[in-house]
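Sequential numbering of the sequence shown, starting at 39, is according to my numbering.
Read the structure below first, then the notes.
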Amino acid sequence: MSMIALFSSEYHCSVGATAGTNDELTITEALGDPLIAMVMRADGVTSEEFKRLLEAAARELKAKLASHQREERRRDCRNDTEDG
């Protein structure tokens, strides 16, 4: 679930050079990061807009992960049935 991150205390999202490690930012940390803040200002994006975008992405990733896990369980069950 490390792909779902950057959001509230419940979600985390790997970003940039830290992707794939445990150095993940929460939404609060990302919004407080000076480099991210500079990019947001340059792009004309408010903190609230960015927060909503990140939360929507987290929900979508969480749903996809849950769907993928359900499919894996179904596949494992079919394999167990076929093997037995």
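C-beta atoms are modelled at their ideal positions from N, C-alpha and C, and glycine is treated no differently.
Everything numeric in this text was worked out from a predicted model, so none of it was measured.
Rounding to the nearest angstrom, what Cα-Cα distance links L63 and I74 in this structure? To locate residue 63, count along the sequence shown from 1; it is residue 25. To locate residue 74, count along the sequence shown from 1; it is residue 36. Their Cα atoms are separated by approximately 11 Å.
DSSP three-state call for V77: helix, strand or coil? Counting from one through the sequence shown, the residue named residue 77 turns up at place 39. In the structure shown, V77 sits in a helix (DSSP, three-state: H, G or I).
Taking just the CA atoms, how far does D71 sit from R97? In the sequence shown, the residue the question calls residue 97 occupies position 59. In the sequence shown, the residue the question calls residue 71 occupies position 33. Going from the Cα of R97 to the Cα of D71 covers about 22 Å.
Alpha-carbon spacing of V77 relative to T84, whole angstroms: Here residue 77 is taken as the residue at index 39 of the sequence shown, counted from 1. Here residue 84 is taken as the residue at index 46 of the sequence shown, counted from 1. Taking the straight line from one Cα to the other gives about 11 Å.
Have a look at L7 and A80 and give me their C-alpha separation to the nearest angstrom. Lying before the first or after the last residue shown, residue 7 is absent from the chain, which here runs from 39 to 122.
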